[in-house]
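Some notes on the structure that comes next.
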């Protein structure tokens, strides 16, 4: 039985099958196969989508993941994944955003799950001063694409445990932001197929409302962590914590309460 099956009655399963049929020809290109990229790939394949996976190490390095995912998955180069995808998830570290294949992503809707982290040897003054959000920076590099900020504030573990069929009373909502209404609808439709409602936070300039150091980042989906954890133990706890459903109303409430502070978080 598929993950989450116990949440579905007969009617919900019928709707879910119909939705999977509707997206059976959709291909999601994924650039970057760390925890986020691989987690989204697993959820996408389970929801009936085809995925084309890529990373900086080359297709051969993805043989194990492709074998695990099955016939709906194949490995490629980043440029090939960008060309093949009806939508493309650019799941690379923000520091590497300028290596994304700009020509192949032109005209595409690109999902940006990247977050700004201050790491030794790299920072960005326009982000530090709040002149730009990280997604505006990505959009500036991908000038011919339509960037939508999404899948950046929930962990892969929670993504794989919180999905529900449409209309479920405990369905979780995810925020998204973007400058192109059509692209935002594409991403909202994809997230619906993956098992999530969405809340539109506005433009890429407004995407700070769900970035690190805001009430919408990570915590709503896991609850309050134990006190006294060392930083490395805290990260491990977040990565393994059971998911906590978050409603549309709660996402809107937390977004409205956000106050903009210094961008990003530091990696120790």
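In our numbering, the protein residues as written are 619 to 886. Beta carbons are placed, not taken as given, at the ideal position from N, Cα and C, and that holds for glycine.
{"Check": "Residue 784 - partner residues in DSSP beta bridges", "Outcome": "Answer is none; residue 784 lacks a bridge partner."}
{"Check": "Three-state secondary structure (DSSP) of residue 796", "Outcome": "strand"}
{"Check": "DSSP state of residue 642 mapped onto helix, strand, coil", "Outcome": "The predicted model places residue 642 with a pLDDT of 49, which falls under 50 and marks its position as unreliable, so this point remains unresolved."}
{"Check": "Per DSSP, cross-strand counterpart(s) of residue 647", "Outcome": "670, 706"}
{"Check": "Uninterrupted beta strand (DSSP E) stretches inside the region 715-758 (no shorter than 3 residues)", "Outcome": "727-730"}
{"Check": "Residue 668 versus residue 740 - alpha carbon distance", "Outcome": "35 Å"}
{"Check": "Start and end residues, alpha helix (DSSP H) containing residue 850", "Outcome": "849-858"}
{"Check": "Cβ pair residue 823, residue 751 closer than 8 Å", "Outcome": "yes"}
{"Check": "Outcome for residue 753 when other beta-carbon atoms lying within 10 angstroms are tallied against a minimum of 16", "Outcome": "buried"}
{"Check": "Chain-order list of residues whose beta-carbon lies under 8 Å from that of residue 716 (same chain, five-residue window excluded)", "Outcome": "759"}
{"Check": "Test item: CB-CB of residue 768 and residue 799 under 8 Å", "Outcome": "no"}
{"Check": "Backbone secondary structure at residue 631 - three-state DSSP", "Outcome": "Unreliable positioning characterises residue 631 in this predicted model, as indicated by a pLDDT of 46, which lies under 50. The coordinate reading is nonetheless provided below. Residue 631: helix per DSSP, three-state reduction."}
{"Check": "Stretch pair the region 808-815 + the region 840-855: three plus CB contacts closer than 8 Å", "Outcome": "no"}
{"Check": "Buried or exposed (CB count within 10 angstroms, at least 16 for buried), residue 845", "Outcome": "exposed"}
{"Check": "Coarse secondary structure for residue 805, derived from DSSP in three states", "Outcome": "helix"}
{"Check": "Nonlocal neighbours in the same chain, by C-beta distance under 7 Å from residue 801, ignoring five residues either side", "Outcome": "727, 764, 766"}
{"Check": "Member of 671, 826, 817 whose CA lies at the smallest distance from the CA of residue 699", "Outcome": "671"}
{"Check": "Proximity below 8 Å, CB of residue 660 to CB of residue 778", "Outcome": "yes"}
{"Check": "Where residue 840 sits in the DSSP three-state scheme", "Outcome": "coil"}
{"Check": "Terminal residues of the beta strand (DSSP E) in which residue 713 lies", "Outcome": "No beta strand (DSSP E) contains residue 713, which DSSP labels as neither H nor E."}
{"Check": "At least 3 beta-carbon pairs within less than 8 Å: the region 678-697 vs the region 780-799", "Outcome": "no"}
{"Check": "Delimiting residues of the beta strand (DSSP E) encompassing residue 663", "Outcome": "Element bounds for residue 663: not the beta strand (DSSP E) but the alpha helix (DSSP H), 653-664."}
{"Check": "Proximity below 8 Å, CB of residue 773 to CB of residue 708", "Outcome": "no"}
{"Check": "Classification of residue 721 by the beta-carbon crowding that lies within 10 angstroms, buried from 16 upward", "Outcome": "exposed"}
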